[in-house]
Amino acid sequence: MTRWISGATALALAVALVAVIPRFGFTKPEAPLWIDRPVTSGTSAPAASPWVELARALKPAVVNISTKRVDAGNQFFDQFFGGRPRRMVRSLGSGFVINPAGFIVTNNHVVDGATEIKVTLADGRELPGRLLGRDPKTDIALLKVEATGLPVIPLGDSARLQVGEPVMAIGNPFGLEQTVTTGIVSATGRVIGEGPYDDFIQTDASINPGNSGGPLINAQGQAVGINAAIFSRSGGSVGIGFAIPTNLAKPVLTQLAAAGHVVRGYLGVTIQRVTADLAKSFGLPGAHGALVASVAEGGPAKAAGLRPGDVIVEYDGRRLERSDELPRLVAETPLGREVPLTVARDGKTLTLRATIAKLAEPQEQRTAQTAGRSALGLAVQTVTPQLAEELGLPVRAGVLVSGVEDGSPAAGAGVQPGDVITELDRKPVKSVDDLERELARVRSGAPVLFFVHRNGGDLYIAVES
Numbered sequence: 000m001t002r003w004i005s006g007a008t009a010l011a012l013a014v015a016l017v018a019v020i021p022r023f024g025f026t027k028p029e030a031p032l033w034i035d036r037p038v039t040s041g042t043s044a045p046a047a048s049p050w051v052e053l054a055r056a057l058k059p060a061v062v063n064i065s066t067k068r069v070d071a072g073n074q075f076f077d078q079f080f081g082g083r084p085r086r087m088v089r090s091l092g093s094g095f096v097i098n099p100a101g102f103i104v105t106n107n108h109v110v111d112g113a114t115e116i117k118v119t120l121a122d123g124r125e126l127p128g129r130l131l132g133r134d135p136k137t138d139i140a141l142l143k144v145e146a147t148g149l150p151v152i153p154l155g156d157s158a159r160l161q162v163g164e165p166v167m168a169i170g171n172p173f174g175l176e177q178t179v180t181t182g183i184v185s186a187t188g189r190v191i192g193e194g195p196y197d198d199f200i201q202t203d204a205s206i207n208p209g210n211s212g213g214p215l216i217n218a219q220g221q222a223v224g225i226n227a228a229i230f231s232r233s234g235g236s237v238g239i240g241f242a243i244p245t246n247l248a249k250p251v252l253t254q255l256a257a258a259g260h261v262v263r264g265y266l267g268v269t270i271q272r273v274t275a276d277l278a279k280s281f282g283l284p285g286a287h288g289a290l291v292a293s294v295a296e297g298g299p300a301k302a303a304g305l306r307p308g309d310v311i312v313e314y315d316g317r318r319l320e321r322s323d324e325l326p327r328l329v330a331e332t333p334l335g336r337e338v339p340l341t342v343a344r345d346g347k348t349l350t351l352r353a354t355i356a357k358l359a360e361p362q363e364q365r366t367a368q369t370a371g372r373s374a375l376g377l378a379v380q381t382v383t384p385q386l387a388e389e390l391g392l393p394v395r396a397g398v399l400v401s402g403v404e405d406g407s408p409a410a411g412a413g414v415q416p417g418d419v420i421t422e423l424d425r426k427p428v429k430s431v432d433d434l435e436r437e438l439a440r441v442r443s444g445a446p447v448l449f450f451v452h453r454n455g456g457d458l459y460i461a462v463e464s
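Position 133 of the sequence shown, counted from 1, bears residue number 132 in numbering that gives the first Met the number 0, the numbering being contiguous throughout.
1) Taking the beta strand (DSSP E) that glutamine 380 falls in, what are its first and last residues?
2) Could you spell out the range, first to last residue, of the alpha helix (DSSP H) harbouring aspartate 134?
3) Out of Ala378, Thr253, Glu437, Ala275, state which residue places its alpha-carbon closest to the alpha-carbon of glycine 468.
4) My guess is that threonine 105 and glycine 92 are in contact by the Cβ rule of under 8 Å, so how many angstroms apart are they, rounded?
5) In angstroms with no decimal places, state the Cα-to-Cα distance between glutamine 219 and serine 48.
6) Excluding sequence positions up to five away, which residues of its chain have a Cβ less than 8 Å from the Cβ of threonine 181?
7) Just how far apart, CA to CA, sit arginine 453 and valine 419?
8) For phenylalanine 230, which residues of its own chain have a beta-carbon under 6 Å away from its beta-carbon, when the five flanking residues on both sides are left out?
9) Three or more beta-carbon pairs under 8 Å between the segment 296-309 and the segment 340-357, yes or no?
10) Give the DSSP-derived three-state secondary structure of alanine 412 in the structure shown.
11) So which of Ser157, Asn98, Gly174, Ile152 has the shortest CA-CA distance to threonine 119?
12) Nearest to lysine 429 by alpha carbon, out of Thr421, Ser90, Leu247?
13) Let me know if valine 451 comes out buried or exposed under the rule of 16 or more other beta-carbons within 10 Å of its beta-carbon.
14) Is the beta carbon of leucine 375 sitting closer than 8 Å to the one on valine 431?
15) Going by beta carbon distance, what residues of the same chain come within less than 7 Å of isoleucine 206, once the five residues before and after it are set aside?
16) What's the gap between the Cα of aspartate 323 and the Cα of lysine 117?
17) How close, in whole Å, do the beta carbons of alanine 387 and valine 394 come, if the pair is a contact with beta carbons under 8 Å?
18) Going by the CB atoms, is the gap between asparagine 107 and arginine 133 shorter than 8 Å?
19) Within this structure, are the beta carbons of proline 153 and alanine 222 separated by less than 8 Å?
20) Are the beta-carbon atoms belonging to valine 329 and glycine 264 less than 8 Å from one another?
21) Name the DSSP beta bridge partners of leucine 458, please?
22) From isoleucine 64 to phenylalanine 199, what distance separates their C-alpha atoms?
23) Using C-beta distances below 6 Å, list every residue in its chain close to alanine 295, excluding the 5 sequence neighbours before and after it, in chain order.
24) Spatial neighbours of serine 90 within its chain, please: C-beta separation below 6 Å, excluding the five flanking residues on both sides.
25) For the alpha helix (DSSP H) containing valine 261, list its first residue and its last residue.
26) Check the C-beta distance from isoleucine 216 over to threonine 202 and give it rounded, since I have them as a contact under 8 Å.
27) Excluding the five sequence neighbours on either side, which residues of its own chain have a C-beta within less than 6 Å of the C-beta of alanine 412, listed in chain order?
28) Note down, one range per segment and in chain order, each beta strand (DSSP E) of at least 3 residues found wholly within the segment 186-216.
29) Would you mind working out which of Val96, Phe281, Val273, Ala56 sits nearest threonine 147, comparing C-alpha positions?
30) Looking at proline 244: is its Cβ nearer than 8 Å to the Cβ of glycine 224?
31) For leucine 279, which three-state DSSP category applies?
32) Could you please give me the residues that DSSP links to asparagine 107 through a beta bridge?
33) With which residues is threonine 348 paired in a DSSP beta bridge?
34) For proline 384, count the other beta carbons within 10 Å of its own beta carbon; 16 or more makes it buried, fewer makes it exposed. Which is it?
35) Which same chain residues end up closer than 8 Å to leucine 377 when comparing Cβ atoms and leaving out the 5 residues on each side of it in sequence?
36) Pick helix, strand or coil for glutamate 437, following the three-state DSSP scheme.
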């Protein structure tokens with residue numbers, strides 16, 4: 000049964016409580032509640048940890064990178080439910096300044112497909128980021144902001160790293176700016192299946208989503224890695240993080256700054272790892288080198304006389320301890336250079352010479368723009384037969400719209416990611432170069448007439464330039 004207290008009873012209780020609270024509601028301790036005396040008897044504070052000084056000096060060069068991209072949805076379902084609204088996706092990452100003129104390093108996956116990039120500096124300034132170039136195969140991208148005199152982090156020699164030496168990571172995990180964590184180098188040369196040039200530094204410094212693109216720093220205050228990936232079953236740090244070595248990044252960054260893309264050497268072989276059993280079968284003294292599984296017709300390896308079953312044990316005078324070293328060495332070789340290959344074949348050692356050719360790369364995504372005029376806001380790439388097959392496109396030539404900048408002229412006209420541009424002002428467009436060439440001819444202020452293929456149909460779209 001519910002019990003109610005009358006007004007008189009409540010008043011009596013209140014008076015009683017007021018009367019007794021001073022007696023037992025609070026007991027003042029006889030001794031201080033806490034102490035503040037120093038633990039040591041020294042007259043001066045101990046010297047700050049070197050990591051404290053490094054963090055204070057280098058944090059201003061670490062930036063927050065936020066991007067927007069349009070989710071193109073699922074093209075298979077678009078065949079049946081065409082015209083669905085596109086979703087704007089936002090993401091966060093890190094980066095760091097390597098040149099006071101505003102050059103910033105980050106990961107390719109941080110900016111991949113972005114229609115808008117915003118860089119927040121440590122002093123709070125928000126600046127638009129311009130993508131100078133990106134390299135999906137190494138997961139490296141180079142940005143530029145219009146600023147000068149920025150603090151920088153120098154790039155060190157990652158080849159000098161030793162397992163066990165201390166390192167520090169700075170970044171923006173989960174959007175928490177300027178987070179500093181420390182750990183050690185757990186391993187070097189890790190291959191984790193991220194790409195053909197895997198050579199990761201493993202660290203137990205805490206790395207989480209949002210740290211991507213931030214620096215891994217040695218005790219000398221140099222960036223020796225670009226934080227890129229974690230191994231986790233929960234999505235958070237479990238003490239296994241991976242960074243791209245700066246020695247792998249340096250030649251990539253040089254090419255991205257100069258040309259916006261990376262040109263790599265090509266040998267023309269498919270290789271596999273030499274196991275202990277294979278080494279015994281091929282009569283090798285140890286399980287090292289790269290076993291040639293196949294040789295491409297018309298490639299440098301074929302011209303040099305390489306055969307399936309050969310084991311490449313040295314490339315250009317460098318002994319191959321592991322097979323995965325060969326692709327990186329070939330990629331970094333200047334085009335047209337003749338290199339010696341030491342090969343084990345049928346129990347004998349041969350020296351062959353191969354002239355390195357250019358590795359054919361797929362058309363990289365870039366933003367369509369013309370000299371002297373602002374961009375229409377389209378991220379585009381050339382439709383190749385391979386791309387058409389992968390995406391199930393009914394057309395085999397043209398330019399695929401992979402992103403549309405929010406608020407741009409193209410977005411206002413109704414251009415959508417997934418559209419394939421096949422004509423511009425009644426002239427055929429078969430590549431990004433065709434598109435940019437025709438855009439350059441458009442009179443300033445005149446509308447641009449696109450003929451696009453969308454969801455099995457064709458339509459014209461006029462975009463104000």
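Just so it is clear, CB atoms sit at the ideal spot from N, CA and C, and this is done for glycine as well. Owing to the predicted nature of the structure, the values given are computational and were not obtained by experimental measurement.
According to the data block:
1) Position 381 of the sequence shown, counted from the first residue, corresponds to residue 380. Here the beta strand (DSSP E) through glutamine 380 covers 377-381.
2) Locating residue 134 in the sequence shown gives position 135, where the first residue counts as 1. Aspartate 134 -> not in any alpha helix (DSSP H); beta strand (DSSP E) instead, spanning 129-134.
3) Beyond the ends of the chain as shown, which are 0 and 464, falls residue 468; an answer cannot be given.
4) For the purposes of this step, residue 105 is identified with residue 106 of the sequence shown, where counting begins at 1. For the purposes of this step, residue 92 is identified with residue 93 of the sequence shown, where counting begins at 1. Sure, about 6 Å apart at Cβ, within 8 Å.
5) Position 220 of the sequence shown, counted from the first residue, corresponds to residue 219. Position 49 of the sequence shown, counted from the first residue, corresponds to residue 48. Taking the straight line from one Cα to the other gives about 13 Å.
6) Locating residue 181 in the sequence shown gives position 182, where the first residue counts as 1. These residues qualify, in order along the chain: Trp50, Pro165, Val166, Met167, Ala168, Ala204.
7) To locate residue 453, count along the sequence shown from 1; it is residue 454. To locate residue 419, count along the sequence shown from 1; it is residue 420. Arginine 453 and valine 419 have their C-alpha atoms spaced approximately 7 Å apart.
8) The residue you call residue 230 lines up with position 231 of the sequence shown. The beta carbon of phenylalanine 230 lies closer than 6 Å to those of Ile239 in the same chain, with the five residues before and after it left out.
9) Cβ pair count under 8 Å is three or more, so yes.
10) As a first step, residue 412 must be located in the sequence shown, where it is residue number 413. Residue state, collapsed to three classes: helix.
11) Sequence index remark: in the sequence shown, residue 119 carries index 120 (1-based). Here the closest residue by C-alpha is Gly174.
12) Start at 1 with the first residue of the sequence shown, and residue 429 comes out as number 430. It is Thr421 whose Cα lies nearest to the Cα of lysine 429.
13) Locating residue 451 in the sequence shown gives position 452, counting from the first residue. Answer is buried; the Cβ neighbour count reaches 16.
14) One-based indexing of the sequence shown puts residue 375 at position 376. One-based indexing of the sequence shown puts residue 431 at position 432. Going by C-beta atoms, leucine 375 is not nearer than 8 Å to valine 431.
15) Taking the first residue of the sequence shown as 1, we reach residue 206 at position 207. Answer for isoleucine 206: Ala168, Asn226, Ile229, Ser236, Gly240, listed in chain order.
16) The residue you call residue 323 lines up with position 324 of the sequence shown. The residue you call residue 117 lines up with position 118 of the sequence shown. If I take the Cα positions, the gap works out to 36 Å.
17) Numbered from 1 along the sequence shown, position 388 holds the residue referred to as residue 387. Numbered from 1 along the sequence shown, position 395 holds the residue referred to as residue 394. About 7 Å separates the two Cβ atoms, so the contact holds.
18) For the purposes of this step, residue 133 is identified with residue 134 of the sequence shown, where counting begins at 1. For the purposes of this step, residue 107 is identified with residue 108 of the sequence shown, where counting begins at 1. Note that the C-beta distance between arginine 133 and asparagine 107 is below 8 Å.
19) For the purposes of this step, residue 153 is identified with residue 154 of the sequence shown, where counting begins at 1. For the purposes of this step, residue 222 is identified with residue 223 of the sequence shown, where counting begins at 1. Yes, the Cβ-Cβ distance between proline 153 and alanine 222 is below 8 Å.
20) Within the sequence shown, numbered from 1, the residue matching residue 329 stands at position 330. Within the sequence shown, numbered from 1, the residue matching residue 264 stands at position 265. Pairing valine 329 with glycine 264 gives a Cβ-Cβ distance under 8 Å.
21) Mapped onto the sequence shown, residue 458 falls at position 459. Beta-bridge analysis with DSSP links leucine 458 to Val451.
22) Taking the sequence shown and counting its residues from 1, one reaches residue 64 at position 65. Taking the sequence shown and counting its residues from 1, one reaches residue 199 at position 200. Linking isoleucine 64 to phenylalanine 199 through their CA atoms gives a straight-line distance of about 23 Å.
23) What you label residue 295 is simply residue 296 of the sequence shown in a count that begins at 1. The residues are Gly267.
24) Position 91 of the sequence shown, counted from the start, is the residue given in the question as residue 90. Same-chain partners within the cutoff: Thr66.
25) For the purposes of this step, residue 261 is taken as residue 262 along the sequence shown, with counting starting at 1. No residue range can be given for valine 261, since it is assigned to no alpha helix (DSSP H) and is classified by DSSP as neither H nor E.
26) Along the sequence shown, read from residue 1 onward, the residue named residue 216 stands at position 217. Along the sequence shown, read from residue 1 onward, the residue named residue 202 stands at position 203. About 11 Å separates the CB atoms of isoleucine 216 and threonine 202; that is not less than 8 Å, and the two are not in contact.
27) Indexing the sequence shown from 1 puts residue 412 at position 413. So the list reads Ile460, Val462, once near-sequence residues are dropped.
28) Listed in chain order, they are 199-202, 214-216.
29) Start at 1 with the first residue of the sequence shown, and residue 147 comes out as number 148. It is Val96.
30) Counted from its first residue, the sequence shown places residue 244 at position 245. Counted from its first residue, the sequence shown places residue 224 at position 225. Yes, these two residues count as a Cβ contact at 8 Å.
31) Residue 279 sits at position 280 when you count from the first residue of the sequence shown. A quick correction: the sequence has lysine, not leucine, at residue 279. Reduced to three states, the DSSP call for lysine 279 is helix.
32) Here the question's residue 107 lines up with position 108 in the sequence shown. DSSP lists no partner for asparagine 107.
33) Locating residue 348 in the sequence shown gives position 349, counting from the first residue. Assignment of beta-bridge partners to threonine 348 by DSSP yields Ala343.
34) Stepping through the sequence shown from its first residue, residue 384 is reached at position 385. Here proline 384 is exposed. Its C-beta has fewer than 16 other C-beta atoms within 10 Å.
35) Mapped onto the sequence shown, residue 377 falls at position 378. The residues Thr366, Ala367, Val400, Gly402, Val403, Glu404, Ser407, Ala409, Val414, in chain order, have a CB closer than 8 Å to that of leucine 377 in the same chain once the five nearest residues on each side in sequence are set aside.
36) Stepping through the sequence shown from its first residue, residue 437 is reached at position 438. Of the three classes helix, strand and coil, the one that applies to glutamate 437 here is helix, per DSSP.
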